[in-house]
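Once you know that position 49 of the sequence shown is 49 in UniProt numbering, the rest is easy, because the numbers rise by one and skip nothing.
Right, one structure below, let's go through it.
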Amino acid sequence: MSEAVTVTREIVAKYKGREGVLTHILQDIQGRFGYLPPEAMEVVAEEMGVSLAELYGMASFYARFYFAPRGKTVIKVCRGTACHVRGSERVLAKFSEELGLKEGETSPDLSFTLEAVNCVGCCALAPVVMINEKVFTASDPGKLLAALRQGENRDQDH
């Protein structure tokens, strides 16, 4: 039996018999694994008496649930209007080139995930990127990546 199955059964047991808890169960699973493993989804569907299709339908409604492993470092390039006008496509292209990843991909070693997202609400700093939920100006993507690779993920303009 896989770790995902064992852990998922423990998580489901905490919520068993309560209504409206599917999102809580999925949040707990994702909190443990960083995504929703397929075998965990099968356990939840079986234990909670819902179809797998219904469970995936519910989970896919929320943008914060992930169905594949994500990198240790998640880079989100803002594509909001201010960032777009100030060169976010160039920033995304630079990250893509440097990491060898296309938008939405994760590196095979699970070091990096590269995403493009809608406005993150920091328009005055445009163009911006979020790195593991911290906001940075993206004036020099190459410098940001160099700092990341050296483990210097700090809250300042690189």
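For every residue, glycine included, the Cβ atom is placed at its ideal position computed from N, Cα and C.
The alpha helix (DSSP H) runs of length 4 or more contained entirely in the stretch 75 to 115 are, from start to end of the chain, 81 to 85 and 88 to 99. The alpha-carbon separation between LYS16 and VAL128 amounts to approximately 42 Å. Relative to the Cα of GLU54, the nearest Cα in the group SER2, GLY80, GLY71 and THR23 belongs to THR23. Setting aside the 5 residues that flank it on each side, PRO69 is surrounded in the same chain by GLY34, TYR35, THR106 and LEU110, each with a C-beta closer than 7 Å to its C-beta; the list follows chain order. VAL91 is not a Cβ neighbour of ASN132, given a cutoff of 7 Å.
DSSP places LYS134 in no alpha helix (DSSP H) but in the uninterrupted beta strand (DSSP E) bounded by 134 to 137. Per DSSP, the unbroken alpha helix (DSSP H) holding VAL43 starts and ends at 38 to 48.
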